[in-house]
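S.K.: In UniProt numbering, the protein residues as written are 1 to 267. Below is a structure I'd like to ask you about.
Listed below in structure tokens is the structure:
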């Protein structure tokens, strides 16, 4: 039977998350034709031996270096047999079946990528979509969030599918053909913003993103200074790629102001 969806998980020293993540996948993919591919970025925490012992059905691809997020996912797609790809973070737990999300994506050819509702460990709402960057939004990263009331509060119409600019790579469902058509993730991003960049490239094909709030997953998301710095670095790459000459200069200046203000606050 032909595989329909290939789930790709990039892992780097994520042993403590793998059991719950993979258990939830097998449970919530029961009604789907699927494969699970884990790309391990040279972990040193026994992740690979754990997968081989406890989840032999998982296709494990072991890298001898840390490829980063986008490059590792590209590697996973090269080995994927499904017509659809689900990029999923290793520190997640699915709370609902994947098949309804897949059917929603299949129902509308204008949908280029799709995500579902992300919640934290305590089931608190976490924004997982946003607006495409503009130069002026670079002054404050939070301005890249979707400003609609529902996306600020988490109070969604659960029967509605919302159109969005970009979705997080923590749970991103798309067609393999679209992914390959735009060249996959840009390997110049090591981690962060490569998902926004990918969505922009697919949007440039004339497609839009979809957000399905009736389905949810837990993400053990963290935020620290190093992540903040990588975000700013990622948006610098994004500006270089997608903005005109003058817009690029403005964006880079505002990103510099953004970083300087944060540094002064932490001084």
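Positions of the beta carbon are idealized from the N, C-alpha and C atoms, including for glycine.
Apply the 10 Å Cβ neighbour rule to residue 194 and answer buried if 16 or more other Cβ atoms are within range, or exposed otherwise.
M.R.: buried
S.K.: With 16 as the cutoff for other CB atoms within 10 Å, does residue 57 come out buried or exposed?
M.R.: exposed
S.K.: Along the chain, where does the alpha helix (DSSP H) that runs through residue 52 open and close?
M.R.: 47 to 54
S.K.: Would you mind stating whether residue 268 and residue 191 have Cβ atoms separated by less than 9 angstroms?
M.R.: In the structure as shown, the chain begins at 1 and stops at 267. Residue 268 is therefore absent and cannot be evaluated.
S.K.: Is the stretch 195 to 205 touching the stretch 96 to 111, taking contact as three or more C-beta pairs under 8 angstroms?
M.R.: no
S.K.: Compute the distance between the beta-carbons of residue 168 and residue 129, then report whether it is under 9 angstroms.
M.R.: yes
S.K.: For residue 206, count the other beta carbons within 10 Å of its own beta carbon; 16 or more makes it buried, fewer makes it exposed. Which is it?
M.R.: Classification of residue 206: exposed, given that the 10 Å Cβ count is below 16.
S.K.: Using the C-alpha atoms, what's the distance from residue 2 back to residue 34?
M.R.: 9 angstroms
S.K.: Applying the 10 Å Cβ sphere with the 16-neighbour rule, what's the burial state of residue 79?
M.R.: Under the 10 Å beta carbon count, residue 79 is surrounded by fewer than 16 other beta carbons and is classified as exposed.
S.K.: Who are the near neighbours of residue 110 in its chain, counting only those whose CB is closer than 8 angstroms to its CB and skipping five residues on each side?
M.R.: 206, 207 and 208
S.K.: Are the stretch 6 to 24 and the stretch 45 to 57 in contact at 8 angstroms, needing three or more beta carbon pairs?
M.R.: yes
S.K.: Using DSSP with H/G/I as helix, E/B as strand and the rest coil, what is residue 151?
M.R.: helix
S.K.: By DSSP, does residue 27 sit in helix, in strand, or in coil?
M.R.: helix
S.K.: I need the DSSP call for residue 41, collapsed to helix, strand or coil.
M.R.: coil
S.K.: Where does the unbroken alpha helix (DSSP H) through residue 210 begin, and where does it stop?
M.R.: It is not in any alpha helix (DSSP H) - residue 210 instead sits in the beta strand (DSSP E) that spans 208 to 219.
S.K.: Flag this pair as yes or no: are the beta carbons of residue 179 and residue 85 separated by less than 9 angstroms?
M.R.: yes
S.K.: Is it true that the CB of residue 73 sits closer than 9 angstroms to the CB of residue 38?
M.R.: no
S.K.: Could you give the uninterrupted runs of the alpha helix (DSSP H) lying entirely in the stretch 78 to 123, keeping only those of 4 residues or more?
M.R.: Whole alpha helix (DSSP H) segments, 4+ residues: 99 to 107.
S.K.: Can you tell me whether DSSP reads residue 59 as helix, strand or coil?
M.R.: strand
S.K.: Closer than 8 angstroms by C-beta to residue 4: which residues in its own chain qualify, once you throw out the five before and the five after it? Chain order, please.
M.R.: 32, 33, 34, 82, 83, 84 and 102
S.K.: Bridge partners of residue 32, per DSSP?
M.R.: Paired residues: none, contrary to the question.
S.K.: Can you tell me whether residue 301 is helix, strand or coil according to DSSP?
M.R.: Beyond the ends of the chain as shown, which are 1 and 267, falls residue 301; an answer cannot be given.
S.K.: Under 8 angstroms Cβ to Cβ from residue 77, same chain only, skipping five residues before and after it: list those, please.
M.R.: 6, 8, 85, 176, 179, 180 and 184.
S.K.: Let me know if residue 157 comes out buried or exposed under the rule of 16 or more other beta-carbons within 10 Å of its beta-carbon.
M.R.: exposed
S.K.: Excluding the 5 residues flanking residue 61 on each side, which residues of the same chain have their C-beta closer than 8 angstroms to its C-beta?
M.R.: Spatial neighbours of residue 61 in its own chain (CB-CB distance under 8 angstroms, excluding positions within 5 residues in sequence) are listed in chain order as 37, 38, 39, 40, 75, 76 and 79.
S.K.: Can you grab the Cα-Cα spacing for the pair residue 54 / residue 121, in whole Å?
M.R.: 24 angstroms
S.K.: From the DSSP output, read off the bridge partner residues of residue 11.
M.R.: 40
S.K.: Should residue 149 go down as buried or exposed, given a rule of 16 or more other Cβ atoms within 10 Å for buried?
M.R.: exposed
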